[in-house]
Each structure stands twice: as C-alpha cells, then as structure tokens.
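See structure below.
In the working numbering, the protein residues as written are 767 to 920.
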C-alpha cells in the first residue's frame with residue numbers, strides 16, 4: 767500500500783472515530799442515547815486532541831513526517847478557560863476543546879529536522895522531542911473537529 771493510501775486510510779479512520787465521539791458527546795449533553803454511547807470504547811477529549819493534531823501535522827507537512835507520538839495532553843476545564851484572560855477573546859462553544867499538547871516527530875530521511883524545532887522542540891537524531899503547542903479544536907456543524915489557533919501561546 768502506498769504512503770498516500772495509508773495516510774488516506776488513517777485519515778478516514780480518525781475522522782470516523784472523531785465523528786462517533788462527537789456524536790456521543792452531544793447525545794450525553796442532550797440526555798439521549800446515541801450510537802457512540804453504545805460503543806464499548808468512547809474517546810476522551812485528550813484522545814480526540816491527539817488524533818486531530820496528528821492529522822493536522824501530517825497534513826501540514828505531508829511526506830516530511832515519518833512518525834508522530836503524543837507525550838501528553840492537557841484539556842482545559844471550563845473554570846480554567848474562564849480564569850485565563852487570554853482565552854476571553856476567543857468565541858468558544860461548549861463542544862470546543864482548549865488544549866496543550868506535547869509530542870514527538872520523527873523526521874523523514876533527507877529532510878532537515880531543524881525546521882521543526884522553531885520555538886519548541888529538542889533535536890535527537892531524526893526525532894524532534896518535547897515539541898509543544900496549544901490550541902483549540904473547534905467543533906463543526908458536520909460533527910468534525912478542526913484545529914484552530916495552533917501555536918505556542920494563546
């Protein structure tokens with residue numbers, strides 16, 4: 767299977783998983799039973815962040831990234847969001863997810879890994895370790911999350 771086909775299969779699987787999780791999140795808030803609630807595995811917000819950010823990074827850098835590993839994810843609570851003055855400028859809906867993520871990237875052979883260490887990240891051979899960002903996953907009408915305001919600070 768070619769890399770493009772593998773990436774397309776991964777993207778489709780992740781999109782389906784995120785959609786199921788998002789539907790389950792709405793169903794829980796409405797007090798109704800949804801298809802996602804009947805599934806044996808329900809994703810946490812941290813898992814959603816990890817998957818959506820990985821797809822975002824892989825899509826942004828196409829063939830430059832060989833591997834992506836999430837080290838940690840912090841999801842902000844409503845109280846933390848309210849207490850953070852920098853987040854007051856963002857129009858956040860109840861299903862949006864505000865997060866910090868730490869991750870590692872394995873850079874493809876022949877690609878200069880130094881371009882991936884700007885602002886954060888430590889070079890370790892082909893790997894960029896301790897890369898960190900914050901951002902917002904915006905929940906769309908289509909039930910999909912998209913990355914918004916992805917950077918080193920709000």
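Don't be surprised by glycine CBs; every beta carbon is placed ideally from N, CA and C.
| said: For residue 798, which residues in the same chain have their Cβ closer than 6 Å to its Cβ, ignoring the five residues on either side in sequence? | reply: Its pLDDT being 37, under 50, residue 798 is placed unreliably in this model, and the value from its coordinates should be taken loosely. Excluding positions up to five away in sequence, the list is empty.
| query | Roughly how far, in whole angstroms, is the beta-carbon of residue 818 from the beta-carbon of residue 913, given that I think they are within contact range, below 8 Å? | reply | Residue 913 and residue 818 do touch by the CB rule: their CB atoms are close to 6 Å apart, below 8 Å.
| Starting from residue 873 and walking both ways along the beta strand (DSSP E), at which residues does that stretch end? | For residue 873, the enclosing beta strand (DSSP E) covers residues 863-873.
| query | Going by other Cβ atoms of all chains shown within 10 Å of its Cβ, with 16 needed for buried, is residue 821 buried or exposed? | reply | It counts as buried.
| query | Helix, strand or coil: how does DSSP classify residue 921 here? | reply | In the structure displayed, the chain extends from 767 to 920; residue 921 sits before or after that span and is not available.
| message | How far does the beta strand (DSSP E) with residue 903 in it extend, from its first residue to its last? | response | Per DSSP, residue 903 belongs to the beta strand (DSSP E) from 893-905.
| message | Considering Cα atoms alone, identify which of 841, 840, 824 and 876 is closest to residue 833. | response | 824
| So, helix, strand or coil for residue 838, using DSSP? | If DSSP states are grouped into helix, strand and coil, residue 838 belongs with the strands.
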